[in-house]
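Here the structure comes first, spelled out in structure tokens, and everything after it is commentary.
Residue numbers (full-length UniProt numbering): 1 to 717.
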């Protein structure tokens, strides 16, 4: 196949270029000026319309290939910033209808359109591809196809809810839309989203040959007998959608409105026809744009996008990173080594006092990667390549040329100070010492350092391979260069880093502690464990506070409390009586002894009733779920406000990201600061004061909140 045939004319400037070839195939290329990836904008409707007019008026064009002018993506989605300007659901609905109209016109073109996909084709990008008559994608790892709008509290508003379920299995299409998860090239071919998958080097060649053929007559997706019953019989479809709604509500608890609307659109299109399906899709899209849940989720998206562009210190570029050291082969050390070797793609030298500790850390990476190989997400050779970046030693051999050494051992100040001295002795003068401590102030760790400017905190959350946040903690003597370099490392590891001020608990654990302590107080007052956890899950947290204590370790929680009390006073005192848990060797999930029962058929799902006798309480539900949630959450909000006022976090934006990514604060509420704005600062102060009268000074409203309430101020403009 030849691709070097002479082109005859360039028909249009702008983000879209139409190039007609001598063989009658036109290449419609999209390359948005000044952007690293293509995104669809509302003004592109007229530009695409002009292109389609030219194609229709030129009888010599026999087929069209739609391709990206970017080398890293097809179309990464729609530019969601345009939604912020919508003043009503009707305005937002009009945007959806506009997209539908453009893509409907592509589908109705007389000549075949072929989408040639390399890199991400997400949201509106996939909807564009679905409007084409055929699709071919590259087999590159960068290529992924998906409709992630649900993650922004939206739904695919330009035909996605109608076209995808008609192209592939309804159940698979619904799963993609309800989870927002993308599929890789091989999966896209398997599901029938694309017609072919080829090496990138021949992607355009294959697309051109496809465009020379007539438009295909689609056959229904292949289904097994159960699939045929569920998707192709009235009774089966009724059962399928009923079950989908039930499962969705179980997961969202009604906190996220978009999944229900997605199911409505799919069902309406299949049962009542495309016209009604498209109309409902646009209407629901318009409604969802105006919901507070979508506004909060979109603000989170913009915040994280902004942070990716920032250095740790403005104007201070990071040093180059070539090799990383990790001290400690435990769970955290193994996780840190994994994200460094696989995501940052940097060689890692692991040190542990025992060789089996090094082996344990390496096995962490091997176990994760081998699962990917078994699922055919990666080749065995790729796994071997990534594992080859990991080496280990029981001493400091091989550490002399490390740029950053990350300490991940247990919480002992003297041990960490000794490690600082060891790194200063065995490593170079520029080597950064980063401590993964969860609570000990970094200034104390750096107290005896010869080069305190190189000492910093880099606090990860467990499990490291899954949790997206990292706290970068600078003490008073940390250099700007060290801050920027550490932030850069965290970003390379796939983390969203926030820079926080030094102090006990830093930011995330500091705002988590009063929340957890209050849940313990409520438990000791006799409220059932299930009731407490259910109340906070219903509020929007991924797990309840008592379950969380089991997950992170009861022993870990009790170690942090004295450090916080020493610095901030009695409001951080843990509930009396919890020492009985440790005396009974209850550490939680790690030793299968905690608040929940980890034996039997449902490990970790049911409460271990013996814990009530141990704590000397008789459980009886007296409080409403809303009261339980309010008491716990108000203390977290109050502490977050104090942290911002004291400069522990640099901005409300960073505080919101830290709470959402670090402890699972409900994303649909936008974080503690956006949530306080939505409640009204006056309301927050009034509720804190109400509980202060009942339960004492721990509920005393932060001074900054009182002042804000008096001045009708908000955290965000």
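Think of the CB as a built atom: it goes at the ideal place given N, C-alpha and C, for glycine as much as any other residue.
Answer yes or no: do residue i and residue j have a C-beta to C-beta separation smaller than 8 Å?
i: residue 436; j: residue 336; result: yes
i: residue 719; j: residue 663; result: Lying outside 1 to 717, the shown extent of the chain, residue 719 is not represented and no answer is given.
i: residue 457; j: residue 339; result: no
i: residue 489; j: residue 294; result: no
i: residue 265; j: residue 288; result: no
i: residue 603; j: residue 528; result: no
i: residue 670; j: residue 299; result: yes
i: residue 327; j: residue 409; result: yes
i: residue 76; j: residue 17; result: no
i: residue 637; j: residue 607; result: no
i: residue 678; j: residue 292; result: yes
i: residue 599; j: residue 605; result: no
i: residue 117; j: residue 74; result: yes
i: residue 178; j: residue 259; result: yes
Give me the Cα-Cα distance between residue i and residue j, rounded to the nearest whole angstrom.
i: residue 68; j: residue 349; result: 41 Å
i: residue 667; j: residue 508; result: 15 Å
i: residue 503; j: residue 534; result: 32 Å
i: residue 334; j: residue 536; result: 31 Å
i: residue 120; j: residue 188; result: 12 Å
i: residue 190; j: residue 184; result: 10 Å
i: residue 717; j: residue 681; result: 14 Å
i: residue 217; j: residue 542; result: 45 Å
i: residue 44; j: residue 531; result: 52 Å
i: residue 135; j: residue 207; result: 8 Å
i: residue 6; j: residue 22; result: The predicted model places residue 6 with a pLDDT of 38, which falls under 50 and marks its position as unreliable; any figure quoted below should be read in that light. In a straight line, the C-alpha of residue 6 is about 6 Å away from that of residue 22.
i: residue 459; j: residue 645; result: 22 Å
i: residue 367; j: residue 462; result: 16 Å
i: residue 702; j: residue 642; result: 6 Å
i: residue 452; j: residue 478; result: 6 Å
i: residue 219; j: residue 242; result: 26 Å
i: residue 9; j: residue 63; result: Model confidence at residue 9 stands at a pLDDT of 41, short of 50, so the residue's coordinates are unreliable; what they give is reported in the following sentence. Residue 9 and residue 63: Cα-Cα distance of roughly 16 Å.
i: residue 482; j: residue 649; result: 18 Å
i: residue 708; j: residue 676; result: 11 Å
i: residue 515; j: residue 545; result: 8 Å
i: residue 34; j: residue 115; result: 23 Å
i: residue 324; j: residue 401; result: 9 Å
i: residue 154; j: residue 285; result: 6 Å
i: residue 424; j: residue 560; result: 28 Å
i: residue 244; j: residue 269; result: 16 Å
i: residue 718; j: residue 467; result: It is not possible to answer for residue 718, since the shown part of the chain is limited to 1 through 717.
i: residue 32; j: residue 487; result: 30 Å
i: residue 420; j: residue 705; result: 40 Å
Quick check on the DSSP output: the alpha helix (DSSP H) that includes residue i runs from which residue to which?
i: residue 137; result: From DSSP, residue 137 is part of no alpha helix (DSSP H) but of the beta strand (DSSP E) over 134 to 138.
i: residue 294; result: 292 to 308
i: residue 464; result: Careful: residue 464 lies outside any alpha helix (DSSP H) and carries neither H nor E.
i: residue 340; result: 331 to 342
How would you call residue i, buried or exposed, if buried means at least 16 neighbouring beta carbons within 10 angstroms?
i: residue 690; result: exposed
i: residue 100; result: buried
i: residue 386; result: buried
i: residue 150; result: buried
i: residue 576; result: exposed
i: residue 201; result: exposed
i: residue 384; result: exposed
i: residue 380; result: exposed
i: residue 168; result: buried
i: residue 49; result: exposed
i: residue 353; result: exposed
i: residue 4; result: For residue 4, the predicted model reports a pLDDT of 36, less than 50, meaning its position is unreliable; a value from the coordinates is still stated below. So residue 4 counts as exposed.
i: residue 569; result: exposed
i: residue 710; result: exposed
i: residue 28; result: buried
What are the boundary residues of the beta strand (DSSP E) that residue i is part of?
i: residue 459; result: 455 to 460
i: residue 16; result: 16 to 21
i: residue 433; result: 432 to 435
i: residue 599; result: Looking at the DSSP string, residue 599 is not in any beta strand (DSSP E), and its letter there is neither H nor E.
Return yes when the C-beta of residue i is under 7 Å from any heavy atom of the ligand MN, and no when it is not.
i: residue 415; result: The model on display carries no ligand, and the ligand MN is accordingly not part of it.
- Item | Contained alpha helix (DSSP H) runs [length at least 4] in the region 122 to 198, N- to C-terminal order | Within the region 122 to 198, the complete alpha helix (DSSP H) runs of at least 4 residues are 124 to 131, 160 to 167, 170 to 179 and 185 to 191.
- Sequence ranges, alpha helix (DSSP H) only - wholly within the region 37 to 93, length at least 4: Whole alpha helix (DSSP H) segments, 4+ residues: 44 to 57.
Quick one: which unbroken alpha helix (DSSP H) runs of 4-plus residues sit fully inside the region 608 to 655? Chain order, please. Given a length threshold of 4 residues, each whole run of the alpha helix (DSSP H) inside the region 608 to 655 is given here in chain order: 610 to 615 and 625 to 646.
Output the residue ranges of the alpha helix (DSSP H) runs that lie fully inside the region 345 to 376 and measure 4 residues or longer, sorted by chain position. With a minimum length of 4 residues, the continuous alpha helix (DSSP H) runs that stay inside the region 345 to 376 are 355 to 374.
Practice problem: Could you tell me which uninterrupted alpha helix (DSSP H) segments, each at least 4 residues in length, are contained entirely in the region 210 to 282, listed from first to last along the chain? | Solution: Segments of the alpha helix (DSSP H) lying fully in the region 210 to 282: 225 to 232, 234 to 252 and 258 to 272.
- Which whole runs of the alpha helix (DSSP H) in the region 649 to 693 are 4 residues long or more, in chain order? When DSSP assignments are scanned along the region 649 to 693, the uninterrupted stretches of alpha helix (DSSP H) that are 4 or more residues long and fall wholly within it turn out to be 652 to 663 and 672 to 679.
TODO: Any chance you could list the beta strand (DSSP E) runs of at least 3 consecutive residues sitting entirely within the region 476 to 544, in chain order?
DONE: Runs found: 496 to 501.
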